[in-house]
Amino acid sequence: MSEPTPGQEPRPERNEPDRGEDAGQQPHPAGGSLPPGSDGRYAPPGGGYAPAGGGPPHPHGPLHVPPPPKRRKWPWIVLVSGLVFLGAIAGIATAVRNDTTKSVTVRYSVTGTARDVIIAYPTWRQQTIFTRKVTANTLPWHKELTTNEFVKGGTLTITLGAGGGTATCSVVVGNGTSHTATATGPHATATCKGF
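With the UniProt record's numbering as the guide, the letters of the sequence shown map in order to residues 1 to 195.
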């Protein structure tokens, strides 16, 4: 470097590049000549290829390329949930349609010691539940219906007369389980439901 005059900054000499095209390159070997085939750029040791751009490798290791953006999962979750929901609705609709088109036998029975028992039982027509009432002066009382219009949700209700006593109602749909209830005493009521 040349000596600066007072008030000036030191200037580099011509053979010490600090800017421009030669900035950051290795100084030329002693004697001023480069090896044959060399253009003065960085060459890694061991005869490997120089990195793109001709500079030395990054001091903190290779540069990491960020991973591609993650795909959103929620649209798939919503789609699958919607399909499961629609499948469940279709299955329920098919089950209800099959229940209302197949022939079903419904057996009602009221047993016990009570007299003058009012019995209200369901019948089905055009997939609608209707209630019929009868009075049984003595028990047991039995009724069997066969219908292809069966709709779930019927109830069999018994109401005992003023003389009291005990009565038990029972309903069996098809080969299913028996739904029962018992009433005891004057004007007592029992309801068989869940069929």
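Glycine residues also receive a C-beta, built at the ideal position from the N, C-alpha and C atoms.
Worksheet item: Grouping DSSP H, G and I as helix and E and B as strand, with all else coil, what is residue 79?
Response: helix
Worksheet item: Rounded to the nearest angstrom, how far is the Cβ of residue 110 from that of residue 147, given a contact under 8 angstroms?
Response: Contact flag wrong, Cβ pair sits at about 20 angstroms.
Worksheet item: Which residue from 139, 140, 152 puts its Cα closest to that of residue 130?
Response: 152
Item to complete: Run through the stretch 84-121 for me and flag every whole beta strand (DSSP E) of 3 or more residues, listed as ranges in chain order.
Response: Fully contained in the stretch 84-121 are the following beta strand (DSSP E) runs of length 3 or more, in chain order: 104-112.
Worksheet item: So, residue 161 versus residue 190, is the Cβ gap smaller than 8 angstroms?
Response: no
Worksheet item: What first and last residue would you give for the beta strand (DSSP E) that runs through residue 65?
Response: According to the DSSP assignment, residue 65 belongs to no beta strand (DSSP E), since it is labelled neither H nor E.
Practice prompt. Output the boundary residues of the beta strand (DSSP E) element that contains residue 167.
Written response: 166-173
Fill in: Between the CA atoms of residue 185 and residue 118 - distance to the nearest angstrom
Looking at the backbone, the Cα of residue 118 and that of residue 185 are separated by about 14 angstroms.
Worksheet item: So what does residue 134 bridge to, in DSSP terms?
Response: 119
Worksheet item: In chain order, what residues of the same chain have a beta carbon less than 6 angstroms from the beta carbon of residue 188, not counting five sequence neighbours either side?
Response: Around residue 188: 160.
Worksheet item: Between residue 137 and the rest of its own chain, which residues show a CB-CB distance below 8 angstroms, the 5 nearest in sequence each way excluded?
Response: Within its own chain, the residues whose Cβ lies closer than 8 angstroms to the Cβ of residue 137, once the five positions on either side in sequence are excluded, are 115, 116, listed in chain order.
Worksheet item: Hey, would you say residue 164 sits closer than 8 angstroms to residue 112, going by beta carbons?
Response: no
Worksheet item: Under the DSSP definition of a beta bridge, which residues are partnered with residue 144?
Response: 107
Discussion item. Below 8 angstroms on the Cβ atoms is my contact criterion, and I expect residue 192 with residue 173 to pass it. Report the Cβ-Cβ distance as a whole number of Å.
Written reply: About 11 angstroms separates the two Cβ atoms, so there is no contact after all.
Practice prompt. Assign residue 127 to one of three DSSP states: helix, strand, or coil.
Written response: coil
Item to complete: Could you check the C-alpha separation between residue 93 and residue 83 for me, to the nearest Å?
Response: 15 angstroms
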